[in-house]
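Enquirer:
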Amino acid sequence: MGPPKLWKLLIFFVFLLATHAQDCLHDEFSCPDGSCIPSEQKCDGVLDCEHGEDEENCSANPHKCLEDEFQCNDGRCIPNNNVCDGSKHCSDGEDEDCITEGKSTQLKFC
């Protein structure tokens, strides 16, 4: 088998893999990376897709956070102790949009 035939075989297998990529079931959400999650995990406040796409555009399905939680712009809830702790927990980093006065740290929009 010469090099041209190997290339043709390689191209065939790549095409075969691409056309048989996993399709999600009707009750699943399709993440951009090809993985599938149960539909009830979309807009539940937990990032299940690799880059959090399952929590985007969730304003039509808002939920309230508990009293000891902070609600991110995407609707996700994080514990209050994760706010202004130096690590971004909200997809847009709003939980770190803080001002520091002495030792107390507060959100700018509180």
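Here the sequence shown stands for residues 3 to 112, where the numbers follow this note's numbering. Built from N, CA and C at the ideal position, the CB exists for glycine as well. Please read all numbers here as calculations on a predicted model, not as lab measurements.
(1) Does residue 96 come out as helix, strand or coil in the three-state DSSP assignment?
(2) Report the rounded CA-to-CA distance for residue 43 versus residue 93, giving the unit in angstroms.
(3) Can you tell me which residues form a DSSP beta bridge with residue 37?
(4) What is the rounded straight-line gap between the Cα of residue 84 and the Cα of residue 34?
(5) Run through DSSP, which three-state label would residue 71 get?
(6) CB-CB under 8 angstroms to residue 40, same chain, minus the five flanking residues each way: which ones, in chain order?
(7) If you measure between the beta carbons of residue 26 and residue 45, is that distance less than 7 angstroms?
(8) May I ask you to report which of helix, strand or coil DSSP gives residue 55?
(9) Taking residue 54 as the reference, which of 69, 97, 77 has the closest Cα?
(10) In angstroms with no decimal places, state the Cα-to-Cα distance between residue 71 and residue 51.
(11) In whole angstroms, give me the CA-to-CA distance for residue 100 and residue 67.
Expert: To lay it out plainly:
(1) helix
(2) 17 angstroms
(3) DSSP output for residue 37 lists no bridge partner at all.
(4) 28 angstroms
(5) strand
(6) 29, 30, 31
(7) no
(8) Note: residue 55 maps to helix in three-state DSSP.
(9) 77
(10) 22 angstroms
(11) 20 angstroms
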